[in-house]
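Reading through the structure tokens given below for one structure.
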Amino acid sequence: EDPNPSSRKTGAGAMMRTWCSPCTSKSMGKTRNERKGIGRRIRAVQEERRSADLSAKLTLPGIRESLLRQEDSIIFGLLMRAQFQHDDVIYQPGAVPVPGFDAKGNRMSLLDYVLRETEQMHGKLRRYTSPDEHPFFPEDVPALVLPPLQYPKVLQDGSETLNINDTVKKMYTHILIQDITEPGDDNNHGSAVMEDVFCLQALSRRIHYGKFVAEAKFRDNQDIYLPLIQEQDAQGILDALTYLDQEQR
Numbered sequence: 154e155d156p157n158p159s160s161r162k163t164g165a166g167a168m169m170r171t172w173c174s175p176c177t178s179k180s181m182g183k184t185r186n187e188r189k190g191i192g193r194r195i196r197a198v199q200e201e202r203r204s205a206d207l208s209a210k211l212t213l214p215g216i217r218e219s220l221l222r223q224e225d226s227i228i229f230g231l232l233m234r235a236q237f238q239h240d241d242v243i244y245q246p247g248a249v250p251v252p253g254f255d256a257k258g259n260r261m262s263l264l265d266y267v268l269r270e271t272e273q274m275h276g277k278l279r280r281y282t283s284p285d286e287h288p289f290f291p292e293d294v295p296a297l298v299l300p301p302l303q304y305p306k307v308l309q310d311g312s313e314t315l316n317i318n319d320t321v322k323k324m325y326t327h328i329l330i331q332d333i334t335e336p337g338d339d340n341n342h343g344s345a346v347m348e349d350v351f352c353l354q355a356l357s358r359r360i361h362y363g364k365f366v367a368e369a370k371f372r373d374n375q376d377i378y379l380p381l382i383q384e385q386d387a388q389g390i391l392d393a394l395t396y397l398d399q400e401q402r
């Protein structure tokens with residue numbers, strides 16, 4: 154699908170080739186200890202995803218580790234997407250004759266079609282029963298083919314309805330993708346849209362994880378938050394949640 158390999162960005166392509174090369178200290182550019190550290194992080198991620206009990210991790214240090222891993226995934230995904238040009242037809246409804254239509258009967262964009270089809274498969278495998286996952290097409294989540302898992306109640310009632318993926322997708326397609334890709338069309342539409350889906354899912358998980366951050370901060374400082382909640386002081390709650398030193402880093 155790449156008739157013109159030279160159209161890819163050299164830096165991102167070179168990084169991809171480095172990460173995909175044999176795992177030696179020379180090719181990876183990392184010492185043995187650094188590779189052991191990466192291995193430990195991978196095992197930690199695997200353990201986190203195996204565990205259904207998020208309540209045990211609802212501490213700020215534990216959440217901070219999870220956020221760092223999620224940010225690594227986002228950076229990697231953006232680098233992979235940046236090796237292709239903008240490929241605007243991916244985001245234009247009807248520009249590619251996909252067999253998918255929205256609720257009004259209009260043909261979907263290639264991105265929306267691939268994203269929805271991906272969610273159909275992931276949804277059947279109970280991805281969206283996890284409290285830290287949010288679909289971009291919540292009205293189309295399919296029935297499960299695996300038995301549901303029972304998750305301990307961590308967040309407050311109603312938190313599951315907070316889904317800002319429409320805003321996440323608009324930010325990604327209108328702003329972020331413009332910043333990380335070169336203009337033009339290199340005809341790598343299939344490869345590019347798969348990277349788009351990965352980036353969107355990683356961004357969604359990281360952004361919605363803010364609900365767990367807020368809950369952990371509330372549990373640590375209920376004497377501060379309870380009066381603000383009772384007074385419905387939204388700005389006061391936001392100010393209390395925001396650590397300016399951390400935000401400015």
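So that you can map any letter, position 87 of the sequence shown is 240 in the working numbering, and since no number is skipped, the others follow by simple counting. A virtual CB, placed ideally from N, CA and C, is assigned to each residue, including glycine. Remember, predicted model here, so these are calculated numbers, not experimental data.
1) To test your reading of the DSSP string, which unbroken alpha helix (DSSP H) runs of 4 or more residues are found completely within the stretch 354 to 390?
2) Pull the bridge partners of Phe-237 from the DSSP assignment, please.
3) Starting from the C-beta of Asp-349, find all residues in its chain whose C-beta is less than 6 Å away, skip the five residues before and the five after it, and write them out in chain order.
4) Which residue or residues does DSSP assign as beta-bridge partners of Phe-229?
5) With His-239 and Thr-334 assumed to form a contact (beta carbons below 8 Å), what rounded beta-carbon distance in angstroms separates them?
6) Between the Cα of Lys-277 and the Cα atoms of Ala-369, Glu-384, Pro-336 and Pro-300, which residue gives the shortest distance?
7) Please go through the same chain and pick out, in chain order, the residues whose beta-carbon is closer than 7 Å to the beta-carbon of Ile-418, but skip the five residues on each side of it.
8) Taking only the alpha-carbon atoms, compute the straight-line gap between Asp-338 and Ile-243 and give it to the nearest angstrom.
9) Got a sec, what are the start and stop residues for the alpha helix (DSSP H) Gly-276 sits in?
10) My understanding is that Lys-370 touches Leu-394, with C-beta atoms under 8 Å, so please give their C-beta distance in whole angstroms.
11) Count the other CB atoms, across all protein chains shown, that sit within 10 Å of the CB of Pro-288; report buried if there are 16 or more and exposed otherwise.
12) What would DSSP say about Phe-351, mapped onto helix, strand or coil?
13) Using a threshold of 7 Å, state whether the C-beta atoms of Phe-351 and Gly-253 are closer than that.
14) I need the boundaries of the alpha helix (DSSP H) containing Asn-318, first residue and last residue.
15) Measure the alpha-carbon distance for Gly-247 versus Glu-218 and round it to whole angstroms.
Taking the definition as stated:
1) The qualifying runs are 363 to 373 and 375 to 383.
2) Answer by DSSP bridge pairing: none, since Phe-237 is not bridged.
3) For Asp-349, where only same-chain residues beyond five positions count, the Cβ hits under 6 Å are Leu-264.
4) The bridge partners DSSP lists for Phe-229 come to none.
5) With 8 Å as the limit, His-239 and Thr-334 qualify as a contact, their Cβ atoms being about 4 Å apart.
6) Nearest C-alpha to Lys-277 among Ala-369, Glu-384, Pro-336 and Pro-300: Pro-300.
7) In the structure displayed, the chain extends from 154 to 402; residue 418 sits before or after that span and is not available.
8) Straight across, the Cα-Cα distance linking Asp-338 with Ile-243 is about 10 Å.
9) In the DSSP assignment, Gly-276 falls within the unbroken alpha helix (DSSP H) covering 263 to 277.
10) The C-beta separation of Lys-370 from Leu-394 comes to about 6 Å, placing the pair in contact by the 8 Å criterion.
11) If you draw a 10 Å sphere on the C-beta of Pro-288, you find 16 or more other C-beta atoms in it, and that means buried.
12) Helix, per DSSP.
13) Their beta carbons are not under 7 Å apart, which means Phe-351 does not touch Gly-253 by this criterion.
14) Residues 318 to 324.
15) Rounded to the nearest whole angstrom, the CA to CA distance from Gly-247 to Glu-218 is 41 Å.
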